[in-house]
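One line per chain: the protein sequences are Z, R and B, in this order. For the first sequence, the numbering used here assigns the number 1 to the initial residue and increments by one for each residue that follows. For the second sequence, the numbering used here assigns the number 415 to the initial residue and increments by one for each residue that follows. For the third sequence, the numbering used here assigns the number 632 to the initial residue and increments by one for each residue that follows. What follows is a single structure, written as structure tokens, with notes after it.
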Amino acid sequence: MTTSNYLLLQPKRIKHYALVFIAMLSFIFSSNSAAKNWQTVLDNGQNHSVYFHAWGGDPQINAYIQWLAQQVKQQYNIDLHHIKLTDTSEAVSRVLAEKSAGNHSEGKVDLIWINGANFAAMAKHGLLTPNWATKLPNFSLTNPTKNPAMSLDFGVPTQGMESPWGQAALTFYYDSVAITSPPKTLTQLLTWSTQHKGRFTYPKPPDFIGVSFLKYALISLTPASLQAKLYQPVTKQNSALLLPKLWQFLDTLHPNLWRAGQHFVSSSTALRRLMGDTELSLAMTFSAPEVPAAVTRFDLPTSIRSYAMSDGSLSNIHFVAIPYNAAHTDSAKLVANFMLSVNAQAKKQRPTTWGDNTVLDLSILAADQVTQFQLSNPHPSSLAPNHNSPALAEPHPSWVKVIEQQWLERYGAQ
Amino acid sequence: MHSSLNIKNLTIWREKTQLISLNERIKGGEVLSIMGPSGSGKSTLLNWLTGMLPHGFSAQGTLLLNEQNITQLASHQRHVGLLYQDPLLFPHLNVADNIAFAMPKGNKKQRIEKINDSLTQLGLEGMAARHPHSLSGGQQARVALLRVLLSEPKAILLDEPFSKLDATLRKDTRELVFEQIRQRQLPAVMVTHDDSDAHAAGGKVITLSAHIQETTC
Amino acid sequence: MIHARDIFTRSIKLTPTLLMALLVIPVVGGLIGVLLPAFGYIPALDKTTFTLRGFYSLFNTAGFANMLLLSAISSLVSTLLAFIITVLILACYFNSPWLYRIQRLLGPILVIPHAAAAIAISFLITPSGMISRLFSPWLSQWDSPPDWMFPHDSWGISMVLGLTLKELPFLLLMALGALAQADLGAKLRAQHKVALSLGYCPMTAFFKVVLPNLYPFLRLPILAVLAYASASVEIPLILGPNAPPTLAVAIMHWFNDVDLTLRIQASAGAIMQLLLTMGLLLSWWLLEKLTKKFSHGSLINGRREYAGQLIQRFTQVLTFILLSIIMLSLAGLILWSFAGYWRFPDALPSQFVLLHWQHALQQMQTPLLNTVVIGFVATLVAVILTLFTLEAEQLRTRNLSNFASLLIYLPMLIPSIAFLFGLVWLQEQVGSHHAYFNVIFGHLLFVLPYVFLSLASSYRRLDPRFSHLAASLGATPSKVFLRVKLPQLLAPILIAFALGLAVSFSQYLPTLLSGGGRINTITTEAVALAGGASRRVSAVYALMQMLLPAIAFFLAWFIPKLVFAKQTASPHKLQHPTLKQQSKA
């Protein structure tokens, strides 16, 4: 461009430049205001307590949360209290109880670890603070424009009510002393179970893993032409069309399960214990790295190996949310933002710590940040990184209720 | 056959101290009175006779009841009745049931008749359905006596049986008890503090000498 | 009698009323708090009309009848078993020094929290547990754990085992406590002797003479055990079936369910639970009346011997089995807490590591502190209120009325699940947001009855002449209380304190609910981890749960020793009045 061009500004052009200028200004201003807003959060959020209600059944995760607490104490002087739940729904009912008592601003729950049906229920009853998660500075590290999944919880838009924390895929693991070649598809699982009676089970719904197994089975059993129906809100017709196949499958599977399918464990953590006891030879988890971690802590035998099903792995993201009446909303935001930091996410992904997959997009991180996520020697029991398993998206959450209900009616009370 | 209780060459020690040394034969209807200050081993002797010698005591000697050696028998197999200073009637049973409890098994009707007869005999007519706590001290003592007697013991032990009764009652009850013992020709051993009791018993009186303090259990 | 009018006396006299209010208001308020939602009234869900919908959906719940049946039968059977075994042990060892040895062996179980006991038992009977390992593979030929049904069997056998083992020491100790009462114990022993001298074999003598007179002292403990068993959560959660679970566990799940409208059903369930428990208490009472009626004939039939030898042998075997179960459970727990890899069917771990203790101890600091602080405060308040109430009794020179005594035991007899949810709602209503306070208050409800039960008899047995003497020397009522009575009661007060701590340490539901889940104690952690992934960490927490009350009781035993050692070391030998009273009998 020459100088004469500058001088030859035409009115039309000027208008164009003005628009660009205004746009730029507004961008600067808005990012300025975002920064300013965050500064307010920083100012208000420090020096308080945050009551983080999170499932507490796993010592490794508990230890990681304790590490988080130390970090936010150092950085923000926030006292992060981990309230260990046996079931996330306990926190949901707590918030509801507060709402019913007219406690709209002094809630005892500041932050909840949540996803799926619990989220859907809280969102439906207006129990969550909206429009905060996308404004966290570290949220951009998830590269949300390229990863829309970060704003979808089981297909339901999160509307900024929850901030992603980690992601998981349904992974299987087996005891290589008891079995040499594990089943790789749902159909193989059925035949395998007839040969290895009592060596496999899944947790009773509404346990998360239990429902996930049912969803995996449902997707695998549904012909490709009908699968779209699983991603829409459930209707009577659709459930009558698709679910009988699942029940048929379970009717044949159950007699081969642990305790002949007469008793199901209530919680997925029990699966790992039963694998440790060698009562089971095959189990599943949503957090693949917990398997090698458990082996190094003696909780699982050294003969354990992980793998992914070749007909697909159910995948989802888990989040943290802030109840609408949380007493320390800004402090909770600071904690949620810290959870998304490279440091915290990398630490979380380390199998020795927790081994939960990061939600950050490594492709937009700096090289030295990426190395934090890389592993030197994977444990023999960990999941091979190059496994060839298509990701299966979670069905619409409304299916969960129907599956749970019908399962309980069929198998819940014998 | 004459009934008898024969204590042969008995020695009782507490730890290493010799407490009692005795050799006596009591014939049916006779009462042997044992006297002596507390701590002299009176209740220890009774405990040996009933087979309930507590831990810490040791004994040598033989106990023959009607010429049968019962030294090693458990107390409930000895057929030796006990009468304490407290009537110790069972509070969950009424008078008749207390007595029925003591009687041997048998025809229900005959047992009831026997109870009523003996109650009448001891001046306790109409008391059958009363509860022990509603009786006077003297009445209770008589029921306790009836209870022992109707259990058909082969010998009877009296552990200061009259010490809780007032003077007039004491005399009456004492006479009644000794009379019954004589009637039934039972050999009896009585432990007492009271000279008049020993005198009224009319049998041999043995006075034990004091030892170091006795532990009660 | 002329009463002093100082502040001490006046405040003492108000305490019984305060104590009653503290117990009755939360329980009754809590019951109202579930009654309203049970009939469909939850303003928070915009449900402000009264309906029976909750009950309809409750009755239509899959397996509802099974839940009721499971709760009813497991609690009745376990209570009956615990009672029968208690009586058998008493009968078998009535005059034997073994009775006190068994008491000493079983006593510590009393203070083991239900959750820890359940965890220990589940470790024992699980297919890969100690029993199965001990017999594998040499006898059973099992190379991998059998697929048997324990724990969580649908018949509730594991649960009954857990409840029975836990309640047995309580009943036994209550019975021995009654026998230790100088007058009663001596009388019963003398009557037993009379029966022996009447030719009764010892076993029969116990059943026909001692039991009918001992039972009245066991009635309340038995009813408390029954009420507890019918509505407890920890043991069914850890040992019971889940398809369907017991009613109480199901209610807890419904209250915590994502679907908030289930709260109506849960409240209706809580009302059902209340009715169920009351029904069970009533049926026990009926059972008692019937037994009394039909056993009267055999009491007086003159029969002296009923297979006494056989029962004796049976009881000895049973006692041995019970003690082995307890020892093995404990051993298993300890092994797991130090275990490295431990593959079935090895009887011992292949290596021992400290890792689990190290990890757990790092993580349990806050819960540990919470446990101790809550326990200490709740017990302190309970002990003070109890002492004041008992002192008020003596100032008024009459005991609490039967009705008042019954009220004190109210929280023991009403299933906690029925009123705790309502209590939480109530605490919200009155704006009590301080979780710590709420939890301590919740614990107080359960600590108070036990402290009262434990202290009342010693306090009432106190020789009144000491205080009369002190008063005649010019001591004020407060001085008499503090300087004359309390020092005499040091040992019982410490025991009551330890008991209160143990009760508080073991509370699960009240901590969880009153604290809104914000207060973690060793017990809530242990229950959360019991269903968790790591047997080893779970073992550490269960052992920790056992250790805490053990320490409390050790101190209660040790402190008086220290004090008396000091007293006997000093030139003036003081005779302990309560001891003197006992030896008088």
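Just so you know, even glycine gets a beta-carbon here, dropped at the ideal spot from N, CA and C.
**Message:** How far does the beta strand (DSSP E) with Z:Tyr307 in it extend, from its first residue to its last?
**Reply:** Ile304 to Tyr307
**Request:** Confirm, please, whether the CB-CB distance from B:Ser968 to B:Leu870 is below 9 Å.
**Result:** no
**Request:** For B:Ile1126, name the three-state secondary structure that DSSP assigns.
**Result:** DSSP, read as helix, strand or coil, puts B:Ile1126 in helix.
**Item:** For R:Ile526, the three-state DSSP class (helix, strand or coil)
**Value:** helix
**Request:** Buried or exposed for B:Ile673, please, with buried defined as at least 16 other CB atoms from any protein chain shown within 10 angstroms of its CB.
**Result:** Counting other Cβ atoms within 10 Å of its Cβ, B:Ile673 reaches 16 or more and is therefore classed as buried.
**Prompt:** Between which two residues does the beta strand (DSSP E) harbouring B:Thr946 extend?
**Reply:** Not the beta strand (DSSP E): B:Thr946 falls in the alpha helix (DSSP H), residues Gly939 to Phe969.
**Prompt:** Using a C-beta to C-beta distance shorter than 9 Å, which residues of chain B count as neighbours of R:His490?
**Reply:** Ala826, Leu827, Ser828, Leu829, Gly830, Tyr831, Cys832, Pro833, Thr835, Ala836, Arg935 and Glu936
**Message:** Just verifying my parser: in three-state terms, what is the DSSP assignment at Z:Phe319?
**Reply:** strand
**Request:** If I'm right that R:Asn508 touches R:Ala543 with Cβ under 8 Å, what's the distance once you round it to whole angstroms?
**Result:** 5 Å
**Message:** So within the stretch 524–576 of chain R, which uninterrupted beta strand (DSSP E) runs reach at least 3 residues, ignoring any that extend past its ends?
**Reply:** Listed in chain order, they are 569–573.
**Request:** Below 8 Å on the Cβ atoms is my guess for B:Phe878 versus B:Val1158; work out the distance and round it to an integer in Å.
**Result:** Checking the sequence shown, residue 878 of chain B turns out to be Leu, not Phe. Rounded, the Cβ-Cβ distance is 18 Å, inconsistent with contact.
**Message:** Is B:Asn844 close to chain R? Criterion is C-beta to C-beta, closer than 9 Å.
**Reply:** yes
**Prompt:** Are the C-beta of R:Val494 and some C-beta of chain B separated by less than 9 Å?
**Reply:** yes
**Message:** Taking 7 Å as the limit between beta carbons, can you name the residues of its chain near B:Leu958, skipping five residues before and five after?
**Reply:** A small correction: the amino acid at residue 958 of chain B is Met; Leu does not occupy that position in the sequence shown. The answer is none, since no qualifying residue turns up.
**Assigned exposure category for Z:Gln167 - 16 Cβ within 10 Å defines buried** = buried
**Prompt:** Are B:Leu1100 and B:Leu653 close, meaning C-beta to C-beta below 9 Å?
**Reply:** no
**Message:** Between R:Ser565 and chain B, is the shortest Cβ-Cβ distance under 9 Å, so that the two count as touching?
**Reply:** Yes - at least one Cβ of chain B is within 9 Å of the one on R:Ser565.
**Request:** Using a Cβ-Cβ cut-off of less than 8 Å, give me the residues of the stretch 293–318 of chain Z that come near chain B, in sequence order.
**Result:** Only those residues of the stretch 293–318 of chain Z whose C-beta falls short of 8 Å from the nearest C-beta of chain B are listed: Ala294, Arg297, Phe298, Asp299, Pro301 and Thr302.
**Request:** State the start and end residues of the unbroken alpha helix (DSSP H) segment that holds B:Ile1153.
**Result:** For B:Ile1153, the enclosing alpha helix (DSSP H) covers residues Ile1153 to Ala1161.
**Prompt:** Any idea if B:Ala899 is buried or exposed, counting beta-carbon neighbours within 10 angstroms, 16 or more meaning buried?
**Reply:** buried
**Prompt:** What is the DSSP secondary structure of Z:Trp38, counted as helix, strand or coil?
**Reply:** Looking at Z:Trp38 - three-state DSSP - the assignment turns out to be helix.
**Request:** Apply the 10 Å Cβ neighbour rule to R:Ala615 and answer buried if 16 or more other Cβ atoms are within range, or exposed otherwise.
**Result:** Its Cβ being crowded by 16 or more others within 10 Å, R:Ala615 is buried.
**Request:** Tell me, please, whether the stretch 906–918 of chain B touches the stretch 728–745 of chain B by the rule of three or more beta-carbon pairs shorter than 8 Å.
**Result:** A contact between stretches requires three or more CB pairs, one per stretch, nearer than 8 Å, and the stretch 906–918 of chain B fails this requirement with the stretch 728–745 of chain B.
**Message:** Beta-carbon within less than 7 Å of Z:Pro183's beta-carbon, same chain only, minus the 5 sequence neighbours each way: which residues are those?
**Reply:** Leu189 and Trp192
**Prompt:** Quick one: which chain B residues come within Cβ less than 7 Å of R:Asp609?
**Reply:** Residues of chain B passing the Cβ test: none, with the nearest at roughly 26 Å.
**Message:** Going by DSSP, what residue range makes up the beta strand (DSSP E) through R:Ala473?
**Reply:** Unbroken beta strand (DSSP E) run through R:Ala473: Phe471 to Leu479.
**Request:** Establish whether the CB of B:His927 and some CB of chain Z are separated by less than 9 Å.
**Result:** no
**Asked** Using DSSP with H/G/I as helix, E/B as strand and the rest coil, what is Z:Gly166?
**Response** strand
**Message:** I'd like the list of long-range same chain contacts for R:Glu628, defined as Cβ closer than 6 Å, with 5 residues on each side in sequence excluded.
**Reply:** Legend: pLDDT at R:Glu628 = 42, less than 50; position of this residue unreliable, value from coordinates given subsequently. Here the set comprises Gly453.
**Item:** Interface partners of B:Ile931 on chain R, CB under 7 Å
**Value:** Leu507, Asp511, Ala514 and Phe515
**Prompt:** Are the stretch 233–251 of chain Z and the stretch 1123–1139 of chain B touching, with three or more C-beta to C-beta distances below 8 Å?
**Reply:** no
**Request:** For Z:Val177, name the three-state secondary structure that DSSP assigns.
**Result:** coil
**Asked** Do Z:Ala288 and Z:Ser181 have their C-beta atoms within less than 9 Å of each other?
**Response** no
**Item:** Partner residues on chain R for B:Lys920, Cβ-Cβ distance less than 8 Å
**Value:** None at all; the shortest Cβ gap to chain R is about 14 Å.
**Prompt:** Using a beta-carbon distance below 9 Å, is R:Val605 in contact with chain B?
**Reply:** no
**Request:** Quick one: give me the first and last residue of the beta strand (DSSP E) that Z:Asp79 is part of.
**Result:** Asp79 to Leu85
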